[in-house]
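Per the numbering used here, the sequence shown starts with residue 1211, numbered consecutively. C-beta: ideal position from N, C-alpha, C; glycine also. I have placed the structure first, in the form of structure tokens, so that the comments after it can refer back to it.
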Amino acid sequence: MPFFNYQKILIPCIIIGLTACTPTENIDINNDSGGAVMGLDYRDFHKASSEAVASMLSSGAVDKADGSRYVLAISRITNDTMQRIDTDQLVKKIRIDLLNSGKVVVTTAIAADGAEDHMSMQARQLRHSDEFKQSTVAAKGQMIAPELSLSGKILQRNIKISSRKQQAEYYFQLSLTDINTGLAIWEGETVIGKRGSNDAVSW
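Below you can see the structure in the form of structure tokens.
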């Protein structure tokens, strides 16, 4: 067999062998010493959401005079990056932290793209069904309308620094709006910058 044919067989085998020898390891998300990546990872979403909640709470924007909780609806969070992002990676932690603060509850009956949980409305279709005990069916006028709305955008900006290096900037921009007045009562921005090789991808 000619030498170049041996090369065609040998090189892929070496690559497969090296890949197979690379161990898989779990990540301790509370103490991850792994290197940074050019794209967004869970550490970036954790940082952005934590900073947003800390800013909201310290600003007093979600402090009600009577001590009760605000009802929050999630509006549209736009992904304007080159990456495929489920914006719930950002929003879910914000919701959890606000709920745990005791100052905010989130409605799942209404959102920018329709109800998050359709069961709230579907269960009300049982009002005229003989198969269900009507005293157990949700009554009219019980759902709570939202008072606040959370909206925002995730932006990406790429800058070529040199023939070998690039910089990626990510902007997490959020607004909290009083639905009654239409006024933004809080706004926040977290900027995350990354610098690395031009060979690294940020998408």
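- Contact annotation: F1382 and E1397 have beta-carbon atoms that are not nearer than 8 Å.
- Taking K1313 as reference, the option from V1347, L1282 and G1406 with the minimal CA-CA separation is L1282.
- Nearest Cα to L1386 within the set A1258, A1246, S1285 and G1244: S1285.
- When the five nearest sequence neighbours on each side are left out, the beta carbons in the same chain lying within less than 8 Å of the beta carbon of A1333 are those of V1347 and A1348, in order along the chain.
- For R1374, there is no enclosing beta strand (DSSP E), as DSSP gives it neither H nor E.
- The count of Cβ pairs closer than 8 Å, one atom from the region 1263 to 1272 and one from the region 1289 to 1296, stays below three, leaving the stretches out of contact.
- Here DSSP, grouped into helix, strand and coil, assigns T1318 to coil.
- Fully contained in the region 1334 to 1390 are the following beta strand (DSSP E) runs of length 3 or more, in chain order: 1358 to 1370 and 1375 to 1388.
- Counting the other Cβ atoms within 10 Å of the Cβ of V1316 gives 16 or more, which makes it buried.
- Where L1267 is concerned, there is no enclosing beta strand (DSSP E), although the alpha helix (DSSP H) around it starts and stops at Y1252 to S1269.
- Pairing I1395 with P1356 gives a Cβ-Cβ distance that is not under 8 Å.
- Within the model, the alpha-carbon separation for L1358 versus D1388 is close to 5 Å.
- Counted as a single uninterrupted DSSP element, the stretch harbouring S1278 is not any beta strand (DSSP E), since DSSP gives it neither H nor E.
- In this structure, the beta-carbon distance from S1259 to I1287 does not fall below 8 Å.
- The beta-carbon distance between Q1377 and R1337, rounded to whole angstroms, is 58 Å. This is too long to meet the 8 Å contact definition.
- Setting aside the 5 residues that flank it on each side, N1390 is surrounded in the same chain by E1357, each with a C-beta closer than 8 Å to its C-beta; the list follows chain order.
- Annotated as proximal: A1325 and M1331, with beta-carbon spacing under 8 Å.
- Measuring C-alpha to C-alpha distances from L1300 to each of S1407, I1364, A1275 and E1235 identifies I1364 as the nearest.
- Of the residues assessed, F1342 falls on the exposed side of the cut-off, its CB having fewer than 16 other CB atoms within 10 angstroms.
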